[in-house]
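In what follows, a structure is listed as structure tokens, so that the remarks can point back to it.
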Amino acid sequence: MADNMDQTLIDLVKVQTTRPARYLPVPARPPHHTARLTLRSFTANDLAAYHELRLQPEVMVFTSQGRPDASPDETRTKLDKLLSPLGDDIYVLAVVERSTGTLVGTVGSHIRADLLGWPALGYMLRREAWGRGYASEAVSGFLEVYWSLPREPAELAVDSSTLPSSAAASAGEGVVTVPEHIAAITLDSNAPSQNVLRKLGFKLVKKWIDTENAPLLPLCFAYSLEKPQ
């Protein structure tokens, strides 16, 4: 993989694979418990805690928005989307500390097809929850939920960097059958998230300069994880 790989070099190929079938409506999704955390659907009562999370610059700098929410109304708009029928098309869960009942973050798949063509993983944690292993625990817990969801066959256009070498070599000969993946994109400055992804088995597959985010021009890292057999 080239160290200076550019976004323009995304090479989408058609594959036959699987993906989660239509998700259950947000209120019907069961909670999932890890040793210290509960992953559950959001409710309208989470607005205040969700706003506190989205006010933290250290958290929001690593999101696509890149800044804290300007007001409670902006956070309410974000939460309303999670609770509306639009939220049924993504799978984003609140991360709650079991010992205190405090909402400390979010984790989930926020888009069905990201830049690499696969569903994308993302998470946020309040700065007070950093350094305690919560990120690995939350992401690992979500992956347990995600991989256990019902599957359906799917034909997708995905980046060749996520494919096994044999499948990538055969891509020009027609649609190839490949295992399902989930992807994650981080900034080069977000070393903790890169460590979490590597710890959980994600592989670095692509790097590029985000030329659309001037004048910052951040270096982005794309990771991919194959569905366990």
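In this text, residue positions in the sequence shown follow full-length UniProt numbering: the first is 1, and each later residue adds one.
Quick reminder that beta carbons are idealized off the backbone N, C-alpha and C, glycines included.
Fair warning: this is a prediction, and the values are worked out from it, not measured in the lab.
Which class does residue i belong to by DSSP, given the choice of helix, strand or coil?
i, result
"Ser224", "strand"
"Glu212", "coil"
"Thr106", "strand"
"residue 288", "Because the chain spans 1 through 229 in this model, residue 288 falls outside it and cannot be assessed."
"Tyr23", "coil"
"Thr38", "strand"
"Gly101", "coil"
"Leu55", "coil"
"Gly117", "coil"
"Ala94", "strand"
"Gly122", "strand"
Would you check if the distance between the CB atom of residue i and the CB atom of residue j is smaller than 7 Å?
i, j, result
"Pro31", "Thr38", "yes"
"Ala184", "Tyr223", "yes"
"Glu226", "Thr18", "no"
"Val205", "Ser161", "yes"
"Asp159", "Asp46", "no"
"Tyr23", "Asp88", "yes"
"Thr177", "Gln56", "no"
"Val145", "Ala129", "no"
"Leu149", "Pro20", "yes"
Assuming residue i and residue j are in contact, meaning their beta carbons sit under 8 Å apart, how far apart are those beta carbons, in whole angstroms?
i, j, result
"Gly108", "Tyr91", "5 Å"
"Phe221", "Thr186", "5 Å"
"Asp69", "His51", "7 Å"
"Phe42", "Ala120", "With a Cβ gap of about 18 Å, Phe42 and Ala120 do not count as contacting."
"Glu155", "Lys14", "6 Å"
"Ser99", "Arg36", "7 Å"
"Lys207", "Leu219", "6 Å"
Report the residue from the options whose alpha carbon sits nearest the alpha carbon of residue i.
i, options, result
"Arg127", "Val158, Arg54, Asn195, Leu93", "Arg54"
"Val96", "Thr77, Pro57, Ala138", "Ala138"
"Val196", "Gly131, Ser148, Leu47", "Gly131"
"Gln194", "Phe62, Thr100, Leu103, Pro57", "Phe62"
"Gly201", "Ser136, Arg40, Met60", "Ser136"
"Glu58", "Gln229, Gln16, Leu125, Gly174", "Leu125"
"Thr106", "Arg198, Leu82, Leu86, Arg112", "Leu82"
"residue 231", "Ser140, Ser84, Ser64, Leu219", "Within the shown structure, residues of the chain are numbered from 1 to 229, placing residue 231 beyond reach of any answer."
"Asn190", "Gly122, Ser84, Ala49", "Gly122"
Jot down the residue ranges of each uninterrupted beta strand (DSSP E) in the segment 127-201, minimum 3 residues, whole runs only, in chain order.
Runs found: 151-159, 181-187.
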